[in-house]
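Just below is one structure, and these are the notes that go with it.
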Amino acid sequence: MMMQGKKVIITGAASGIGLAAVRKFAGAGARVFGLDRKPDIASIGDDILNVTGICCDLTDISQIKTTLDGFLDDGNVDVLVNNAGINPSPSSLTDTSEALWQRLLDTNLTAIYRLTKAVMMHMQCGSIINISSILALSGANRNAAYATTKGAIISLTRAMARDHGPAIRVNCVCPGAVETEMFEEYLSRCEDPVRERKRICETLPLQRLGKPEDIAEAVFFLTSGSASWITGQVLVVDGGDSA
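Each residue of the sequence shown is one higher than the last, beginning at 1 in this note's numbering.
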């Protein structure tokens, strides 16, 4: 298997894109560590071979250090997928409280800085994938803070690719409308969720919402040998929404 013997860390692993990525890498033979602040992450290994689920709040540097000390004493990390992110209360800039602004920066952006800096001490070579969003490229109504954090992730990706090559490749994936908990939360705020889902599908050239597995496949490709000459790039996976 392509990832046999590789050590992979994936954040936001309890559901959606993160869980799909866990399944993809584990299925390819990797030893996967799935991090999430949801307590039920601990049971993820019950259903997936070679997977360990660890509850960790990535906004807490002490928890990050304790978590990594628990499993990084036996070899190199080969892949890090920074997927965890939140968007609890989409709003315009003027409607975004300073507390919410700071919370999104801390969770969506600074957490990547904290975890990646700690993991790279154990990464002599390998691949890092940061998950951004098409909202970082196109913007959207009432998403000022979220889009800002996702745009910064793209800039961080490009900076890291230059700083840490050739040993470490760093790329970014920008998902579009994917059927995740976050997307379902968005629909729940709509006046007519069924009509909104239909509207979004009809605007996409591929006429369907993305699946978490669609994003996991893109992430896996960028970490594989097939992408060995790709770094500092942004791969948009959105069913043609940005075409």
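Backbone N, C-alpha and C define an ideal beta-carbon position, used for all residues, glycine too.
**Message:** Can you find the residues in the same chain that come closer than 7 Å, C-beta to C-beta, to Ala152, ignoring five residues on each side of it along the sequence?
**Reply:** Excluding five sequence positions before and after Ala152, the CB atoms of its chain that fall closer than 7 Å to its own CB belong to Leu109, given in chain order.
**Asked** How many whole angstroms separate the CB atoms of Gly240 and Leu209, which I take to be in contact at a CB cut-off of 8 Å?
**Response** Rounded, the Cβ-Cβ distance is 12 Å, inconsistent with contact.
**Request:** Determine the closest residue to Gly45 out of Trp229, Leu104, Arg23 and Leu58, with distance taken between C-alpha atoms.
**Result:** The residue with the shortest Cα to Cα distance from Gly45 is Arg23.
**Message:** Using the Cβ count rule (16 or more neighbours within 10 Å means buried), how would you classify Gly75?
**Reply:** Under the 10 Å beta carbon count, Gly75 is surrounded by fewer than 16 other beta carbons and is classified as exposed.
**Asked** Between Glu202, Lys6 and Asp163, which lies nearest to Leu80 when the distance is taken from Cα to Cα?
**Response** Comparing Cα positions, the closest option is Lys6.
**Message:** If you measure between the beta carbons of Ala218 and Val234, is that distance less than 8 Å?
**Reply:** Cβ distance not < 8 Å, so Ala218 and Val234 don't count as in contact.
**Request:** Report the rounded CA-to-CA distance for Thr67 versus Ala30, giving the unit in angstroms.
**Result:** Using only the alpha carbons, I get a separation of about 19 Å.
**Message:** What does the alpha-carbon distance come out to for the pair Leu187 and Glu181?
**Reply:** In this structure, the CA atom of Leu187 is about 10 Å from the CA atom of Glu181.
**Item:** Bounding residues of the beta strand (DSSP E) (the contiguous stretch that carries Leu80)
**Value:** For Leu80, the enclosing beta strand (DSSP E) has its first and last residue at Val79 to Asn82.
**Prompt:** Assuming Cys248 and Glu196 make a contact with CB atoms under 8 Å, what is their CB distance in whole Å?
**Reply:** The structure shown has nothing for residue 248, since the chain only spans 1 to 243.
**Asked** Does the distance from the C-beta atom of Thr223 to that of Ile131 stay below 8 Å?
**Response** Annotated as distal: Thr223 and Ile131, with beta-carbon spacing of 8 Å or more.
**Under 8 Å between C-beta atoms of Pro175 and Leu19** = In this structure, Leu19 does not lie closer than 8 Å to Pro175 by Cβ.
**Nonlocal neighbours in the same chain, by C-beta distance under 7 Å from Lys65, ignoring five residues either side** = Counting only Cβ-Cβ distances below 7 Å, and skipping sequence neighbours, we find Ala118.
**Request:** With distances taken Cα to Cα, identify the nearest neighbour of Ile9 among Ser43, Asn50 and Asp40.
**Result:** Of the candidates Ser43, Asn50 and Asp40, the one whose C-alpha sits nearest the C-alpha of Ile9 is Asn50.
**Asked** How would you write the range of the beta strand (DSSP E) that Leu35 sits in, first residue to last?
**Response** Where Leu35 is concerned, the enclosing beta strand (DSSP E) stretches over Arg31 to Asp36.
**Request:** Let me know if Met1 comes out buried or exposed under the rule of 16 or more other beta-carbons within 10 Å of its beta-carbon.
**Result:** By the neighbour-count rule (16 or more Cβ atoms within 10 Å), Met1 is not buried but exposed.
**Asked** Is Cys125 buried or exposed, if buried means 16 or more other CB atoms sit within 10 Å of its CB?
**Response** When all chains shown are included, Cys125 counts as exposed.
**Asked** At which residues does the beta strand (DSSP E) containing Pro175 begin and terminate?
**Response** Unbroken beta strand (DSSP E) run through Pro175: Ile168 to Pro175.
**Asked** What does a CB cutoff of less than 7 Å around Arg248 pick up in its chain, not counting 5 residues either side in sequence?
**Response** Lying outside 1 to 243, the shown extent of the chain, residue 248 is not represented and no answer is given.
**Item:** Span separating the alpha-carbon of Ser228 from that of Asp192
**Value:** Inter-residue distance for Ser228 and Asp192 is about 45 Å (C-alpha atoms, whole angstroms).
**Prompt:** If you draw a straight line from the C-alpha of Ala21 to the C-alpha of Phe220, how long is it?
**Reply:** Cα-Cα distance, rounded: 8 Å.
**Closer than 8 Å to chain B by CB, Lys24** = Although the question refers to chain B, the structure presented lacks it and comprises just one protein chain.
**Asked** Which residues in the same chain have their Cβ closer than 7 Å to the Cβ of Ala253, if we skip the five residues on either side of it in sequence?
**Response** Summary: the structure shown does not reach residue 253, with the chain confined to residues 1 through 243, and so no result is reported for it.
**C-beta contact flag for Ser242 and Ile134 at 8 Å** = Note that the C-beta distance between Ser242 and Ile134 is below 8 Å.
**Asked** Which residue comes first and which comes last in the alpha helix (DSSP H) that contains Ile17?
**Response** Run containing Ile17: Gly16 to Gly27, per the alpha helix (DSSP H) assignment.
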